[in-house]
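Below you'll find the structure, written out as structure tokens, and then a few comments.
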Amino acid sequence: MSVPDYMQCAEDHQTLLVVVQPVGIVSEENFFKIYKRISSVSQISVRDSQRVLCIRYRHHYPPENNEWGDFQTHRKVVGLITITDCFSAKDWPQTFEKFHVQKEIYGSTLYDSRLFVFGLQGETTEQPRTDVAFYPNYEDCQTVEKRIEDFIESLFIVLESKRLDRATDKSGDKIPLLCVPFEKKDFVGLDTDSRHYRKRCQGRMRKHVGDLCLQAGMLHDSLVHYHMSVELLRSVNDFLWLGAALEGLCSASVIYHYPGGTGGKTGARRFQSSSLPAEAANRHRPGAQEVLIDPGALTTNGINPDTSAEIGRAKNCLSPEDIIDKYKEAISYYSKYKNAGVIELEACVKAVRVLAIQKRSMEASEFLQNAVYINLRQLSEEEKIQRYSILSELYELIGFHRKSAFFKRVAAMQCVAPSISEPGWRACYKLLLETLPGYSLSLDPEDFSKGTHRGWAAVQMRLLHELVYASRRMGNPALSVRHLSFLLQTMLDFLSDQEKKDVTQSLENYTCKCPGTMELLTLPGGPTLPPVPFTKLPIVRRVKLLNLPASLRPQKMKSLLGQNVSTKSPFIYSPIIAHNRGEERNKKIDFQWVQGDVCEVQLMVYNPMPFELRVENMGLLTSGVEFESLPAALSLPAESGLYPVTLVGVPQTTGTITVNGYHTTVFGVFSDCLLDNLPGVKTSGSTVEVIPALPRLQISTSLPRSAHSLQPSSGDETSTNVSVQLYNGETQQLVIKLENIGMEPLEKLEVTSKILTTKEKLYGDFLSWNLEETLAQFPLQPGKVATFVVNIKVKLDFSCQENLLQDLSDDGISVSGFPLCSPFRQVVRPRVESKPVNPPEGSKPGDLSHVKTLEAILNFKYSGGPGHVEGYYRNLSLGLHVEAEPSVFFTRVSTLPATSRQCHLLLDVFNSTEHELTIRARGNEELILHAGEYQRMAIQVDKFNFESFPESPGEKGQFANPKQLEEERQEARGLEIDSKLDVHWRIPSLKRTGEASVEGLLNQLVLEHLQLAPLQWDVLVDGQPCDCEAAACRVGDPVRLEVRLTNRSPCSVGPFALTVAPFQDHQNGVHNYDLHDAVSFVGSSTFYLDAVQPAGRSACLGALLFLYTGDFFLHIRFHQDSASKELPPSWFCLPSVHVRALEAQA
1288 MSVPDYMQCA EDHQTLLVVV QPVGIVSEEN FFKIYKRISS VSQISVRDSQ
1338 RVLCIRYRHH YPPENNEWGD FQTHRKVVGL ITITDCFSAK DWPQTFEKFH
1388 VQKEIYGSTL YDSRLFVFGL QGETTEQPRT DVAFYPNYED CQTVEKRIED
1438 FIESLFIVLE SKRLDRATDK SGDKIPLLCV PFEKKDFVGL DTDSRHYRKR
1488 CQGRMRKHVG DLCLQAGMLH DSLVHYHMSV ELLRSVNDFL WLGAALEGLC
1538 SASVIYHYPG GTGGKTGARR FQSSSLPAEA ANRHRPGAQE VLIDPGALTT
1588 NGINPDTSAE IGRAKNCLSP EDIIDKYKEA ISYYSKYKNA GVIELEACVK
1638 AVRVLAIQKR SMEASEFLQN AVYINLRQLS EEEKIQRYSI LSELYELIGF
1688 HRKSAFFKRV AAMQCVAPSI SEPGWRACYK LLLETLPGYS LSLDPEDFSK
1738 GTHRGWAAVQ MRLLHELVYA SRRMGNPALS VRHLSFLLQT MLDFLSDQEK
1788 KDVTQSLENY TCKCPGTMEL LTLPGGPTLP PVPFTKLPIV RRVKLLNLPA
1838 SLRPQKMKSL LGQNVSTKSP FIYSPIIAHN RGEERNKKID FQWVQGDVCE
1888 VQLMVYNPMP FELRVENMGL LTSGVEFESL PAALSLPAES GLYPVTLVGV
1938 PQTTGTITVN GYHTTVFGVF SDCLLDNLPG VKTSGSTVEV IPALPRLQIS
1988 TSLPRSAHSL QPSSGDETST NVSVQLYNGE TQQLVIKLEN IGMEPLEKLE
2038 VTSKILTTKE KLYGDFLSWN LEETLAQFPL QPGKVATFVV NIKVKLDFSC
2088 QENLLQDLSD DGISVSGFPL CSPFRQVVRP RVESKPVNPP EGSKPGDLSH
2138 VKTLEAILNF KYSGGPGHVE GYYRNLSLGL HVEAEPSVFF TRVSTLPATS
2188 RQCHLLLDVF NSTEHELTIR ARGNEELILH AGEYQRMAIQ VDKFNFESFP
2238 ESPGEKGQFA NPKQLEEERQ EARGLEIDSK LDVHWRIPSL KRTGEASVEG
2288 LLNQLVLEHL QLAPLQWDVL VDGQPCDCEA AACRVGDPVR LEVRLTNRSP
2338 CSVGPFALTV APFQDHQNGV HNYDLHDAVS FVGSSTFYLD AVQPAGRSAC
2388 LGALLFLYTG DFFLHIRFHQ DSASKELPPS WFCLPSVHVR ALEAQA
């Protein structure tokens, strides 16, 4: 026997072999349709008996195997069923002749045969025949199963007769010697009368009867015959047949222990026999013992009428452990015969199937290992493939998955052996796919992202390479690309640098013809191949959704925002709510994107390849909102560190957008990489809200951009910074062009300013503007430009903080506009008391050119379009950096009285610039100052009635600080004085002008001198006020003198006594009061004023007579009485009276 049946199992020993074959030309479809119906009748119950007859059908069986039918009767073809097509009566004889020829092939062993004829009708079909069945077609053949049952019954009759004939003990007859084909020549010339020969004949015949009993459904009878055969054959050392007897004993015991079968097929047959007790199905555990059957109790029909004869327990039925031992012994006997290789191989397979049920994998592997080394004849390539495939299935059956995969792979390689003229690449590919589970390899890349790598990477890579090659030879480049992509993605960590280069080069060559996609590929046979995204090319470590730039970030209007605040809990803090919000923050981000604006997502990527990695068409994968992804291309250096990559896109609609991942094209393979499938990726969230579209404002200014970046403490970010250099007191216009560069109209605009923290005190408005002219150009359509003008006015303190100059003497300084010889001059040194003992560095004496830095932010709050309807706006900030250089300093200030309503303000001015500078006050001439020069200027000013100023808002507050109120009053007074003085400077060479403020100069003493006294004194000479010029009179004419008092204080004052003392000033410091001969009073020289009520007036009159010409001065003095002592001296400021006596007219 040369052709092994790898599907053999122990229960096949009880079956009758029936061959079903076509005669003539029969379509394969029709043949297998009938064959399937025939093979469905696999067992029938024997009439008048409880036995069951089992049939094994084959549509192909080698005739040489039939020669071993005496050795093991289940190998003998006992039935033949032929199927043929015959459509005319004239073809019938030829068809019937073919049937007889077919019978002759198995003629020596056939018990019975049948011919099924399809398509023939007429008289021929009406002739009654037992061995031929006629059917009009393949559909109209309902009686096929019934005819098969009749056919099996006829086989049983023949089988039973042969069993009875062989089992009957005929002492007078000589028992024939049963032989296998290769033994016939060895027994020629032997002594047939010897006892050894007779025992051999008896042993073999007993074994043969055991086979027939097993086929006839008499399991216990067969066990007895097998035991007797083993004893006889062992005594004569007939090892080949002893092995067969032991195998028969094992098969019968397996059938008893495992009625479900050992073939492992779905819906395995469960054989029933009269000799099987009801509890037989539970007797498959190790160590079980069976009923002893007394050989003397056997009858010719195999039925024991007296069941009490079944006594004791014995070894007729082997235990599960003994079954394996007997299989080992039988196989050892088979191995002694070279020509019994097929029998030995099949016995190994049967033993493995039994051990698989017993879950004894290690012992089963020993049988399989023995089967591998059994040397058969020269096998064909197809037989080799079948052998390795069956070995693989058996190893899989016992749980040796990697060993199974190994033999499956050997079978795959055998399909494309060089000796095959037409290699079966499809079969090779299919078998290679079946080896994957054994090597812990899955074609789903997601299985490789969970935990550590499983399996031997080197073997897995070899297998993947073979899949790539096989799919290419199949003519399926898409499969080659997919497998090569899988190899690169999952085995990247195990590839050497050279292997990485080779694999990527091969992949690029494949993708030139067939680019890699993310589509499912259907494999030959039905299963699908999932896509392989390149999540490691490059490796992504972090994904961060970026907020819009500060100038484009949308903000919710406060009035609308308050309506949307959730009030789910009345508590300020709830741990449950905080926990839920924390979970939400992991996904949803607390900023918004805007419809139509470019949005960014930053990836931190890493190139693991030893060469430059070119990534093309890299973009975002999103859901929830229509999103236009703008692909990018990048090139990463070899084995780069973390490298930032920014992917951008534009949301086209509103709603909630989720960034699911990104897509790339690497080495010609298009990949969709989802964040959920990326191991170890850090992300702060992937969901963000997209709000309706807003306009976009772009600003440009008339000033140059600043190199200084503002650092506002509040966190405001400026989109543009501009800088300007101004002198203290200078004003400059900043022209801002507002351009709508978005797609929505700009409808609303609000402008606010914020001065950043500065140590310098500013006077007046630093930034001022008029928004009405700009708003008149709104709504601003896309692409249109509006103009906005801002006035920048630098007005810092003009006073010198320290006494940096030497004392100014009257001799060294000239004063503009007023002589300094008056004895009434008062000099005030501001802030001398605050001079530090050790001045810090940077404020050293003489450092008057220190540049002050002022910074401010202009905020443009604008909105429009659908976003405005939803209550959103944008904020654009312009940073302003101003360097204020000093222009002039007022180092000292003093006052000189002029009249009761006027006085002179003296200012010491210092030019701190490097240019010639002119300065002037309102109504005064310009004073020219060279660079670094000091000058004193005098300004005649009207005194101020500060009590008439309106109250400041702070004075009306209920909780105002008195000190703060006094400071506000003083600032208001200073502002009023400064506006009246209107001091301006000009630098002719630079054509630059500015103001010079005295607001920070005036202390309390100076303010008192500039303030109108509560008692207003007026002196009139001949009815004319004498505050300005000298009053003229004639010598000898009486001069009328009137002193008036106006009480502006809140209380009553007086009475007062005033004395008039005339004198002459010789302009040398000498005043002459001895003028009794020159001046005479008409009446008394003392004037009396009665008490004056608040807001009341009083006057006193007198007269003088000048006897000589000349300039005379009248000094009016108050008497030191109680009324005048109670009032401050500043209330008694009377103007000096200058009278010029002229010659009398003739």
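In terms of my numbering, the sequence shown is residues 1288 to 2433.
Even for Gly, the Cβ is constructed at its ideal location relative to N, Cα and C.
Output the boundary residues of the beta strand (DSSP E) element that contains residue i.
{"i": "K2139", "result": "K2139 to S2150"}
{"i": "G2261", "result": "Not the beta strand (DSSP E): G2261 falls in the alpha helix (DSSP H), residues P2249 to L2268."}
{"i": "L1678", "result": "Looking at the DSSP string, L1678 is not in any beta strand (DSSP E); the run it does join, the alpha helix (DSSP H), is E1668 to L1684."}
{"i": "E2329", "result": "P2325 to N2334"}
{"i": "E1976", "result": "T1974 to I1978"}
{"i": "W2304", "result": "L2302 to V2308"}
Under 7 Å between the Cβ atoms of residue i and residue j?
{"i": "A1994", "j": "L2025", "result": "no"}
{"i": "Y1726", "j": "A1699", "result": "no"}
{"i": "E2047", "j": "G2281", "result": "no"}
{"i": "A2283", "j": "V2293", "result": "no"}
{"i": "G1409", "j": "F1374", "result": "no"}
{"i": "L2288", "j": "F2177", "result": "yes"}
{"i": "N2008", "j": "A2171", "result": "no"}
{"i": "M1761", "j": "R1713", "result": "yes"}
{"i": "H2155", "j": "S2010", "result": "no"}
{"i": "L1794", "j": "H1770", "result": "no"}
{"i": "V1243", "j": "C2320", "result": "For the chain, the structure presents residues 1288 to 2433; residue 1243 sits outside this window and is missing."}
{"i": "Q1429", "j": "T1369", "result": "no"}
{"i": "V2306", "j": "V2330", "result": "yes"}
Pull up the distance between the alpha-carbon of residue i and that of residue j, whole angstroms please.
{"i": "I2403", "j": "A2344", "result": "10 Å"}
{"i": "V1339", "j": "I1331", "result": "6 Å"}
{"i": "G1883", "j": "P1931", "result": "25 Å"}
{"i": "P2069", "j": "L2033", "result": "8 Å"}
{"i": "M2382", "j": "Q2064", "result": "Correcting the residue type first, residue 2382 is Ala in the shown sequence and not Met. So the alpha carbons of these two residues sit roughly 56 Å apart."}
{"i": "L1563", "j": "G1504", "result": "With a pLDDT of 38 at L1563, under the threshold of 50, the modelled position of this residue cannot be trusted, and the question is left open."}
{"i": "P1380", "j": "R1453", "result": "38 Å"}
{"i": "L1730", "j": "R1334", "result": "56 Å"}
{"i": "T1455", "j": "G1356", "result": "21 Å"}
{"i": "S1326", "j": "I1435", "result": "9 Å"}
{"i": "F1914", "j": "A1980", "result": "14 Å"}
{"i": "L1501", "j": "V1305", "result": "17 Å"}
{"i": "K1390", "j": "N1353", "result": "13 Å"}
{"i": "V1881", "j": "V1888", "result": "14 Å"}
Taking the alpha helix (DSSP H) that residue i belongs to, which residues open and close that run?
{"i": "S1652", "result": "S1648 to V1659"}
{"i": "S1326", "result": "E1315 to S1326"}
{"i": "F1443", "result": "V1431 to A1454"}
{"i": "S1332", "result": "No alpha helix (DSSP H) holds S1332; the beta strand (DSSP E) holding it covers Q1330 to S1332."}
{"i": "G1628", "result": "G1628 to Q1645"}
{"i": "L2062", "result": "E2059 to L2062"}
{"i": "T1412", "result": "E1410 to E1413"}
{"i": "M1700", "result": "H1688 to C1702"}
{"i": "V1388", "result": "W1379 to I1392"}
{"i": "S1838", "result": "Per DSSP, S1838 belongs to no alpha helix (DSSP H) and is neither H nor E."}
Below 8 Å on the Cβ atoms is my guess for residue i versus residue j; work out the distance and round it to an integer in Å.
{"i": "F1274", "j": "A1643", "result": "Any property of residue 1274 remains undetermined from this structure, which presents the chain solely from 1288 to 2433."}
{"i": "V1404", "j": "V1419", "result": "6 Å"}
{"i": "Y1949", "j": "L1890", "result": "7 Å"}
Scan the segment 1758 to 1809 and note each continuous alpha helix (DSSP H) run of 4 residues or more that stays entirely inside, going in chain order.
1764 to 1777 and 1784 to 1800
Alpha helix (DSSP H) runs contained entirely in the segment 1905 to 1968, provided each spans 4 or more residues
none
Every unbroken alpha helix (DSSP H) inside the segment 1482 to 1554 [4 residues or more]:
1482 to 1502, 1506 to 1522 and 1526 to 1544
As an exercise, report each continuous beta strand (DSSP E) stretch of at least 3 residues that is fully enclosed by the segment 2340 to 2387, in chain order.
2343 to 2352, 2366 to 2369 and 2373 to 2376
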